[in-house]
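Before any comments, here is the structure.
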Amino acid sequence: MKYVDEFRDPAVGRKLTEQIARLTDDYMKREKRTRPLKLMEVCGGHTHAIFKFGLDEVLPDAIELVHGPGCPVCVLPVGRVDDALHIATQPDVIFTTFGDALRVPGSKMSLLQAKAQGADIRTVYSPVDALAIARENPEREVVFFGLGFETTVPSTALTVKQAQAEGIDNFFLFSNHITIVPTIKAILDSPDLQLDGFLGPGHVTMVIGMRPYQFICDTYQKPFVVSGFEPLDVLQSIVMILRQLDEGRCAVENQYRRLVNDDGNPVALRAVTDVFQLRKFFEWRGLGSIDHSGLELKDDYAAFDAEKKYAIPALSIADPKACQCGEVLKGKLKPWECKVFGTACTPETPIGSCMVSSEGACAAYYNHGRLTTLRRPTATREATT
Amino acid sequence: MTDPLAALYPSLGSSNGATGGVDDATLVTSIRTKAEESRRAQEAFVASAGLDLVRMARRLAAVFRRGGRLLTMGNGGSSCDAAHLAVEFNHPVTVGRHALPAVHLGGDVAMLTAVGNDVGFADVFTRLVIAQGRDGDALFGFSTSGNSANLLAAYARAKTDGLVTLGMAGGDGGRMAHSPDVDVCVVVPTPSIHRVQESHVLAYHVLWDLVHTLLAEAP
Numbered sequence: 001m002k003y004v005d006e007f008r009d010p011a012v013g014r015k016l017t018e019q020i021a022r023l024t025d026d027y028m029k030r031e032k033r034t035r036p037l038k039l040m041e042v043c044g045g046h047t048h049a050i051f052k053f054g055l056d057e058v059l060p061d062a063i064e065l066v067h068g069p070g071c072p073v074c075v076l077p078v079g080r081v082d083d084a085l086h087i088a089t090q091p092d093v094i095f096t097t098f099g100d101a102l103r104v105p106g107s108k109m110s111l112l113q114a115k116a117q118g119a120d121i122r123t124v125y126s127p128v129d130a131l132a133i134a135r136e137n138p139e140r141e142v143v144f145f146g147l148g149f150e151t152t153v154p155s156t157a158l159t160v161k162q163a164q165a166e167g168i169d170n171f172f173l174f175s176n177h178i179t180i181v182p183t184i185k186a187i188l189d190s191p192d193l194q195l196d197g198f199l200g201p202g203h204v205t206m207v208i209g210m211r212p213y214q215f216i217c218d219t220y221q222k223p224f225v226v227s228g229f230e231p232l233d234v235l236q237s238i239v240m241i242l243r244q245l246d247e248g249r250c251a252v253e254n255q256y257r258r259l260v261n262d263d264g265n266p267v268a269l270r271a272v273t274d275v276f277q278l279r280k281f282f283e284w285r286g287l288g289s290i291d292h293s294g295l296e297l298k299d300d301y302a303a304f305d306a307e308k309k310y311a312i313p314a315l316s317i318a319d320p321k322a323c324q325c326g327e328v329l330k331g332k333l334k335p336w337e338c339k340v341f342g343t344a345c346t347p348e349t350p351i352g353s354c355m356v357s358s359e360g361a362c363a364a365y366y367n368h369g370r371l372t373t374l375r376r377p378t379a380t381r382e383a384t385t
Numbered sequence: 386m387t388d389p390l391a392a393l394y395p396s397l398g399s400s401n402g403a404t405g406g407v408d409d410a411t412l413v414t415s416i417r418t419k420a421e422e423s424r425r426a427q428e429a430f431v432a433s434a435g436l437d438l439v440r441m442a443r444r445l446a447a448v449f450r451r452g453g454r455l456l457t458m459g460n461g462g463s464s465c466d467a468a469h470l471a472v473e474f475n476h477p478v479t480v481g482r483h484a485l486p487a488v489h490l491g492g493d494v495a496m497l498t499a500v501g502n503d504v505g506f507a508d509v510f511t512r513l514v515i516a517q518g519r520d521g522d523a524l525f526g527f528s529t530s531g532n533s534a535n536l537l538a539a540y541a542r543a544k545t546d547g548l549v550t551l552g553m554a555g556g557d558g559g560r561m562a563h564s565p566d567v568d569v570c571v572v573v574p575t576p577s578i579h580r581v582q583e584s585h586v587l588a589y590h591v592l593w594d595l596v597h598t599l600l601a602e603a604p
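One line per chain: the protein sequences are A and B, in this order. So that you can map any letter, position 288 of the first sequence is 288 in this note's numbering, and since no number is skipped, the others follow by simple counting. So that you can map any letter, position 56 of the second sequence is 441 in this note's numbering, and since no number is skipped, the others follow by simple counting.
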């Protein structure tokens, strides 16, 4: 298949892994470094590519991949799920959502359980589908559960604009849209996580371009390479990071040129800022409150704001204590180091959101289980405690 | 026309990614929202656990009346609450209220680190109960989840040794709420750790007051 097969070519993959091994070895020897290089893949799509194609198995031991928070369902806090349930169980409401949010546990139940109890909750593939449901059901109130990073925000923004243009008054948005850049800064400021470089999110960057990441190099001196999602994309991005380290430089580079323009998508960005404004505070699951990281509708579009229409509880609710999604999202723990991974918490009966989402790190480990990989860090960990 | 990136990322104008200041009105709104959440949590607590708190005060007053001591325990912020409760009894701030003997088990850093290192953290309070607890004393624990393993283990030992066992929890009360080793457990029915702890402060200040009121009565 064009644009897929050429990025999965085993021969090219072998060359790249040889390059990675050589560059890593040179760097470690020259710097007399014993601690592994920690590279964070920000996006959950990268995490799944890494495990699906076994990239973790072919990397040198001196490279440790740290899984970042770039999975929007995983970082949805319990309180917001409860708020969604509050809206979804109102009379006359049709609650529409992307499928992977259905099983995220709230404090008492998930949307899927609420649906089983009779709430009218429907899966959609796009906010446009939700708008179509609103057109077809003028006597009902149709709420769209807006989720996602900058990648999905433009489609939501354009849908709200369309609703306004058509004068549709029974369509509402429950916005949980978030931005990734403040979160990367929060991770960089975390004292207990020392990273050596980033594989940047390809799809987000397709919208926002390269400029928002410049501070990562200017202030934190970390290489940042925007990466595609095929196995060769990921391997080439790691080579690009290692070359920067090897040459003692630090830059924002674009490996995903076939899709990402350096300036992003100005039309999409304009739609986003026409419709949305930053919230002063927004709480993330596991990461706490990150300033200026959430998006809410501007006053011009307040008539579509579900938070204004329904008196949501808006309570800050702690994650279940047994769940260690927070540590996983910050890259401090590997999923299999969580106390409930694979026992009490599985994709069928998830406790934490990282096990729910198709982009979650725990789901990646569980679904593409790498037992040899799991054993190797355990030995290292035990030896150092 | 405004730069969309500047609108989306206020940090762009800063070399270190820091965002601009938040105006005072927004911060005051944030304070007001949390204060309102806290008030609702306290009201829910009093409605659901008011009688249990009275029952707890009667049990604790009886312990002091017999000459027993209060041992307190908790982890993290709850350890601070445990220290706070102990100092309320040891050092009463209201004129006319006499000092009552209370020991904050988490204050013994040497013992905590010794047991934690040699045996395990799940046993730190149990070993202190063995060393300090006597038949007729009271053991009081704080846990926002109600599931702290080291507290549950200490309760089991205390029960065996004849101590009165009391506790404050949050959420659904966890295992503390249903453990046969805990005589009285009051639960703040909210999952927010911060709101639980704020209600705990209210609850143990009131508890201290109730105990002194009961002790002033004829036995």
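Where a beta carbon is used, it is the ideal one built from N, C-alpha and C, also for glycine.
At a cut-off of 8 angstroms between beta carbons, Ser107 of chain A contacts chain B.
Between Val81 of chain A and Arg519 of chain B, the alpha-carbon positions lie close to 47 angstroms from each other. In terms of Cα proximity to Ile121 of chain A, the closest of A:Glu141, A:Ile180, A:Arg135 is A:Glu141. Gly288 of chain A has A:Trp284 as its beta-bridge partners, per DSSP. Leu548 of chain B does not reach chain A, its nearest Cβ partner there being about 26 angstroms away, counting only Cβ pairs nearer than 8 angstroms.
Measuring C-alpha to C-alpha distances from Leu438 of chain B to each of B:Leu551, B:Gly559, B:Met561 identifies B:Leu551 as the nearest. Of the other Cβ atoms in all chains shown, 16 or more fall within 10 Å of the Cβ of Asn176 of chain A; this residue is therefore buried. Gly197 of chain A is positioned such that its CB atom lies closer than 8 angstroms to that of Leu39 of chain A. The DSSP-derived three-state label of Asn137 of chain A is coil. Excluding sequence positions up to five before and after Ser584 of chain B, its CB lies within less than 6 angstroms of the CB of Ala426, Gln427, Phe430, Val573, all in the same chain and listed in chain order. Counting along the chain, Phe510 of chain B sits inside the alpha helix (DSSP H) bounded by residues 509–517. Secondary structure at Glu473 of chain B: helix, using DSSP grouped into helix, strand and coil.
Residues of chain A with a Cβ closer than 9 angstroms to the Cβ of Ser396 of chain B are, in chain order, Val181, Pro182, Lys185, Pro212, Phe215, His292. Secondary structure of Ser227 of chain A (DSSP, three-state): strand. Asn176 of chain A has A:Leu147 as its beta-bridge partners, per DSSP. Interface with chain A (8 angstroms Cβ-Cβ cutoff): Ser464 of chain B is excluded. Beta-bridge analysis with DSSP links Arg580 of chain B to no other residue. Here His469 of chain B has Val586, Tyr589 as same chain residues with Cβ atoms under 8 angstroms from its own Cβ, once five neighbours each way along the sequence are excluded. Phe7 of chain A: not part of any beta strand (DSSP E); DSSP gives it neither H nor E.
The beta strand (DSSP E) runs lying completely inside the segment 19–68 of chain A and spanning 3 residues or more are 37–43, given in chain order.
Listed by position along chain A, the residues whose Cβ is nearer than 8 angstroms to that of Thr498 of chain B form an empty set, because the closest Cβ is around 16 angstroms away.
Positions of the alpha helix (DSSP H) runs, each at least 4 residues long and wholly inside the segment 427–511 of chain B, are given as 462–475, 494–503 in order along the chain.
In this structure, Phe304 of chain A sits near Phe171 of chain A, with a CB-CB distance shorter than 8 angstroms. Assignment of Thr205 of chain A by DSSP, reduced to helix, strand and coil, places it in the helix class. In the displayed model, Glu348 of chain A falls within coil according to three-state DSSP, outside both helix and strand. Going by DSSP, Phe341 of chain A is part of no beta strand (DSSP E) at all; its letter is neither H nor E.
The three-state reading of DSSP puts Val567 of chain B in coil, since its state is none of H, G, I, E or B.
Within chain A, the residues placing a beta-carbon under 7 angstroms from that of Ser415 of chain B are Phe281, ordered along the chain. For Val181 of chain A, the uninterrupted alpha helix (DSSP H) segment begins and ends at 181–189. Of the candidates A:Gly264, A:Ala88, A:Pro138, A:Ala132, A:Ala88 places its Cα closest to the Cα of Gly118 of chain A.
If you draw a straight line from the Cα of Ala361 of chain A to the Cα of Cys325 of chain A, it is about 9 angstroms long. Contact note: Ala392 of chain B reaches chain A through Thr273, Gln277, Leu278, using a C-beta cutoff of 8 angstroms and chain order.
Under the Cβ distance rule, Thr411 of chain B counts among the residues neighbouring chain A, one pair being separated by less than 8 angstroms. Spatial neighbours of Tyr366 of chain A in its own chain (CB-CB distance under 8 angstroms, excluding positions within 5 residues in sequence) are listed in chain order as Pro335, Phe341, Gly342, Thr346, Pro347, Met355.
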